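Our numbering numbers the first residue of the sequence shown as 5 and each following residue consecutively.
Structure first, then comments.
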Amino acid sequence: MENIGLQDSLLSRFDLLFVMLDIADADHDNLISEHVLRMHRYRNPKEQDGEVLPMGSLVEMLSTENPDNDEVEDTNESIYEKYDPLLHGKSRSKKDQILSTKFMRKYIHIARLMKPKLTQEACDTIADEYSKLRNQDMMDSDVARTQPVTARTLETLIRLASAHAKCRLSFQV
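Now the structure itself:
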């Protein structure tokens with residue numbers, strides 16, 4: 005893989021690969037720099053100043069919210085972020101609804117607890133798709149492939165199907 009600069013044996017250990025191109029574009033670069041600067045200028049008042057923390061297993065250590073803040077939080081919180089023109093800039097309108105970080109944390113926590121089971125239908129579908137990939141790999145042998153289709157690919161299909169079920173908060177794949 006000359007584009008990425010990693011060996012095939014190392015790349016095959018990843019389930020998904022995303023190639024991101026860094027194309028120089030003044031307008032796009034300007035939008036990115038505005039966003040990054042806004043993130044640093046308009047911080048949440050509850051956040052503490054940044055400092056290097058020792059690595060530990062406590063989640064509280066990684067939080068930027070001040071634990072000594074005695075403000076009573078709304079129990080009637082919205083799952084969407086409130087629009088803030090200073091924070092969101094020109095790129096977002098009031099109509100856009102962005103899920104709040106707090107809601108996403110709860111959602112991800114619940115999704116991680118899910119233990120979806122492979123149904124027979126899912127097993128058949130995964131096996132069928134794996135067979136198609138293998139057959140396609142055999143037929144297109146004259147075309148240079150970046151990754152061979154191996155048993156590791158089958159394991160990847162199972163992991164991705166299970167992850168999709170977790171995202172849907174489903175007990176079945």
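C-beta atoms are modelled at their ideal positions from N, C-alpha and C, and glycine is treated no differently.
The model shown is predicted, which means the values in this text are computed figures rather than measured ones.
Check                                                                                                        : Outcome
Sequence-distant residues of the same chain with beta carbon closer than 7 Å to L164, five excluded per side : D19
Rounded separation between F107 and H113 - CA only                                                           : 10 Å
Span separating the alpha-carbon of Q124 from that of T154                                                   : 22 Å
The ligand ZN heavy atom lying under 7 Å from the CB of C171                                                 : In terms of ligand content, the structure shown is empty, and the ligand ZN therefore cannot be addressed.
Rounded C-alpha distance that separates V40 from I162                                                        : 37 Å
Three-state secondary structure (DSSP) of I162                                                               : helix
Span separating the alpha-carbon of H32 from that of L25                                                     : 13 Å
Helix, strand or coil at K110 [DSSP, three-state]                                                            : helix
Local Cβ density within 10 Å of A28, reported as buried at 16 or more and exposed below that                 : exposed
According to DSSP, residues forming a beta bridge with L137                                                  : L137 pairs with nothing; no bridge assigned.
Cutoff 7 Å; reference S174; Cβ partners in own chain excluding five residues on either side                  : P120
Euclidean distance between Cα positions of S37 and V23                                                       : 22 Å
K121 - DSSP class collapsed to helix/strand/coil                                                             : strand
Closest residue to D132 among I83, Q101, E85, L158 (Cα-Cα distance)                                          : L158
Test item: CB-CB of D12 and Q140 under 8 Å                                                                   : no
The alpha helix (DSSP H) enclosing M43, as first and last residue numbers                                    : 30 to 45
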